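Here's the structure, in structure tokens; my notes come after.
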Amino acid sequence: MGTELMVTTDRVQKFFGDLDEQKAILSTSTKLFTTLSDHFDSLQKSISEKSHSLESKIQSLESRTRENSHSLDHREASIPERGSFAAARIEEQKAAALAEVEKKASGDLDLPETLKSFCRKMDSQGLVKFIVSKRKESISLRAEIVQAIAEAVDPPRLVLDALEEFLDSKAKKLGVTDKRWACGLLVQALFPEGKAGPKGPEFSRSMLERATGIVDTWKAHMGGESNGGGWTLGAAEAVMFVQMLVGFRLKEKFGEEFFRKLVMEHAARRDMAKLAGALEFGEKMGDVIDEFVKNGKEIEAVYFASESGLTESFPPVSLLKSYLRNSRKNATTILKNGNNSVAATEESSTVELNSIKAIIKCVEDHKLESEFSLESLRKRATHLEKAKTEKKKSSASSSKPHNNKRAYGGGGGRGVGQSSFRPAKAAKFSNSYPSFTRRNPNPLPQHSPATRYSGPYSYPSQSVFDVPTAPSYGSSYGAPPAQSPAPLPQHYSLPGDSMGAAGFGSSGAYGGGQTNYVPYNYSNVAPPAYQPPSYPQ
Numbered sequence: 001m002g003t004e005l006m007v008t009t010d011r012v013q014k015f016f017g018d019l020d021e022q023k024a025i026l027s028t029s030t031k032l033f034t035t036l037s038d039h040f041d042s043l044q045k046s047i048s049e050k051s052h053s054l055e056s057k058i059q060s061l062e063s064r065t066r067e068n069s070h071s072l073d074h075r076e077a078s079i080p081e082r083g084s085f086a087a088a089r090i091e092e093q094k095a096a097a098l099a100e101v102e103k104k105a106s107g108d109l110d111l112p113e114t115l116k117s118f119c120r121k122m123d124s125q126g127l128v129k130f131i132v133s134k135r136k137e138s139i140s141l142r143a144e145i146v147q148a149i150a151e152a153v154d155p156p157r158l159v160l161d162a163l164e165e166f167l168d169s170k171a172k173k174l175g176v177t178d179k180r181w182a183c184g185l186l187v188q189a190l191f192p193e194g195k196a197g198p199k200g201p202e203f204s205r206s207m208l209e210r211a212t213g214i215v216d217t218w219k220a221h222m223g224g225e226s227n228g229g230g231w232t233l234g235a236a237e238a239v240m241f242v243q244m245l246v247g248f249r250l251k252e253k254f255g256e257e258f259f260r261k262l263v264m265e266h267a268a269r270r271d272m273a274k275l276a277g278a279l280e281f282g283e284k285m286g287d288v289i290d291e292f293v294k295n296g297k298e299i300e301a302v303y304f305a306s307e308s309g310l311t312e313s314f315p316p317v318s319l320l321k322s323y324l325r326n327s328r329k330n331a332t333t334i335l336k337n338g339n340n341s342v343a344a345t346e347e348s349s350t351v352e353l354n355s356i357k358a359i360i361k362c363v364e365d366h367k368l369e370s371e372f373s374l375e376s377l378r379k380r381a382t383h384l385e386k387a388k389t390e391k392k393k394s395s396a397s398s399s400k401p402h403n404n405k406r407a408y409g410g411g412g413g414r415g416v417g418q419s420s421f422r423p424a425k426a427a428k429f430s431n432s433y434p435s436f437t438r439r440n441p442n443p444l445p446q447h448s449p450a451t452r453y454s455g456p457y458s459y460p461s462q463s464v465f466d467v468p469t470a471p472s473y474g475s476s477y478g479a480p481p482a483q484s485p486a487p488l489p490q491h492y493s494l495p496g497d498s499m500g501a502a503g504f505g506s507s508g509a510y511g512g513g514q515t516n517y518v519p520y521n522y523s524n525v526a527p528p529a530y531q532p533p534s535y536p537q
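Residue 103 in full-length UniProt numbering sits at position 103 of the sequence shown, and the numbers go up by one each step.
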């Protein structure tokens with residue numbers, strides 16, 4: 001009986017173990033089924049979305065195909081009309097150009113007519129020279145140059161001629177700055193929008209080949225591949241180069257990394273922000289703007305974000321506030337590192353003032369006054385400019401020389417009969433006399449000194465001196481000639497060695513009694529020799 005009960009218990013335990021195993025298998029199978037069901041549902045949903053997207057694209061493609069087909073039909077139908085219009089336009093421009101060539105040169109033409117005259121004659125060299133001569137009227141030039149270039153028979157060829165002349169001048173290093181500015185105006189006038197697209201100008205194959213050759217030469221010199229070495233590409237020239245590539249649709253000749261480096265290097269030019277959109281960086285434009293922010297160029301980041309439509313990702317107000325904080329921090333650091341010296345104070349004020357002006361300009365350009373108040377910044381800028389002006393005035397007043405008048409002669413002032421000249425360096429009057437090689441003067445004639453000088457004449461320990469011819473005051477000013485007084489003995493305080501060096505005979509004791517000298521004719525004697533100091537040239 002006990003044995004049967006033990007056998008039954010073992011069987012029950014084995015049965016429950018089997019049930020537990022079956023339960024684990026069933027649970028695993030259920031989880032696997034759930035996972036597979038979710039996966040198939042996800043696949044089905046993805047396939048459905050892709051199917052809808054594909055159907056939408058197919059419909060869009062069919063719609064665009066129909067639109068392009070209608071557009072081609074319309075353009076094909078309008079070819080005769082457009083051809084006749086183009087021929088009439090060419091004849092009109094040809095007649096205008098011939099009339100301009102045959103017309104006599106007149107200086108009475110105003111600025112717009114003169115620009116049109118050069119463009120009609122396709123005189124790129126004369127056009128560039130005229131633009132350079134009118135550089136002070138840049139505002140008027142920019143307003144009139146677009147219409148003037150439209151008067152040319154072949155505007156692209158006119159601009160390319162000017163660019164070739166500019167590159168040739170740059171190779172010779174002659175008049176580069178002015179011609180660069182003039183060619184920049186011409187390129188902007190040829191592509192006023194700064195972008196290439198379906199509405200952009202069309203160019204012939206020969207013109208594109210010529211533009212490609214100019215760009216290749218330009219790029220070769222920039223990289224130093226030419227024998228003449230590399231050229232320095234400034235910001236204005238970089239903008240002009242990018243405009244050429246965008247306008248003539250030559251972007252494919254250069255990689256994206258080249259344009260990115262060019263944009264990052266010359267981002268301070270406002271035109272570069274506009275051209276960056278035409279370069280089609282796409283999603284990588286966000287990386288470019290983020291790099292601006294990391295490098296402390298928040299102002300450039302605001303301009304690029306606004307032109308690229310990324311103001312949501314890069315809010316302009318927060319970027320401007322960050323730039324303002326960083327500029328103040330930099331100014332404080334400069335002041336601290338310079339131990340609050342005068343130079344450090346001026347540099348700190350200049351940095352802060354430039355930053356404030358950049359922020360004000362940026363806010364005004366993007367019309368952010370309602371979001372970013374400028375009142376406190378304007379007050380601060382006014383204060384800094386006033387302090388800078390007062391500093392300049394104080395520096396100018398402290399640098400003025402003081403008038404230290406010295407009295408010549410024994411009377412304590414400059415009276416009639418006294419010398420009114422200061423001995424000058426002989427180097428400044430090297431050509432005033434025929435020769436400086438004679439050391440001793442000519443023999444002294446016997447004339448009374450009183451006939452020319454009526455007062456005592458003292459010399460401050462000077463061995464070699466030049467005496468100009470004394471003017472006759474009475475005859476010069478129309479007054480009656482003064483009566484000559486009786487000859488008075490003249491007293492000269494000159495050391496003995498100085499007298500010997502100058503070639504004068506000396507006798508008697510100095511400082512003791514009076515010494516009579518032979519009268520000296522100052523008007524007929526050649527000056528003694530003087531060796532001017534040699535300065536490094």
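Glycine included, every Cβ here is placed at the ideal spot set by N, Cα and C. Computed from a predicted model, the values in this text were never measured in an experiment.
Does DSSP put residue i in a helix, a strand or coil?
i	result
N68	helix
P456	The predicted model places P456 with a pLDDT of 43, which falls under 50 and marks its position as unreliable; any figure quoted below should be read in that light. Coil, per DSSP.
V351	helix
F15	helix
R269	coil
R249	coil
E237	helix
E385	helix
N339	coil
V153	coil
N295	coil
L160	helix
E312	coil
L61	helix
E371	coil
If the criterion is Cβ atoms closer than 8 Å, does the pair residue i and residue j meet it?
i	j	result
L111	K134	yes
S376	V351	no
R270	Y323	no
S128	A182	Note that residue 128 is Val in the sequence shown, not Ser. In contact: V128 and A182 (Cβ atoms closer than 8 Å).
E371	V293	no
G277	A236	no
I214	L275	no
A301	F314	yes
V239	H266	yes
Q243	F191	yes
P155	M207	no
S124	E165	yes
V187	K94	no
K121	A97	yes
E252	A273	no
F241	W218	yes
Keeping to the same chain, check which residues put their C-beta closer than 8 Å to that of residue i; ignore five residues upstream and five downstream.
i	result
L109	S117
T9	none
K357	A381
S349	A331, L384, A387 and K388
K284	E256 and R260
Output the distance between the C-alpha atoms of residue i and residue j, rounded to the nearest integer angstrom.
i	j	result
K393	G234	35 Å
G286	N295	14 Å
N330	I299	16 Å
T311	V363	14 Å
R378	K321	15 Å
L72	D290	43 Å
S42	E62	30 Å
residue 540	Q59	No answer is possible for residue 540: the residues shown for the chain start at 1 and end at 537.
L158	S397	55 Å
E21	K31	16 Å
S355	K297	11 Å
F16	F40	36 Å
L262	A305	17 Å
T212	L36	59 Å
R89	E81	12 Å
For residue i, which residues of its own chain have a beta-carbon under 6 Å away from its beta-carbon, when the five flanking residues on both sides are left out?
i	result
E347	I334
K170	V176
A148	L115, K116 and C119
L279	F259
L245	K251
Return no unless some Cβ of chain B is closer than 8 Å to the Cβ of residue i.
i	result
T212	In the structure shown, chain B cannot be found, because there is only a single protein chain.
Between residue i and the rest of its own chain, which residues show a CB-CB distance below 7 Å, the 5 nearest in sequence each way excluded?
i	result
R210	L160
L163	C183 and I214
inquiry  = With three or more C-beta pairs closer than 8 Å as the rule, is the region 335-344 touching the region 376-387?
reply    = no
query = For the region 167-179 against the region 137-150, are there 3 or more C-beta pairs whose distance is under 8 Å?
reply = no
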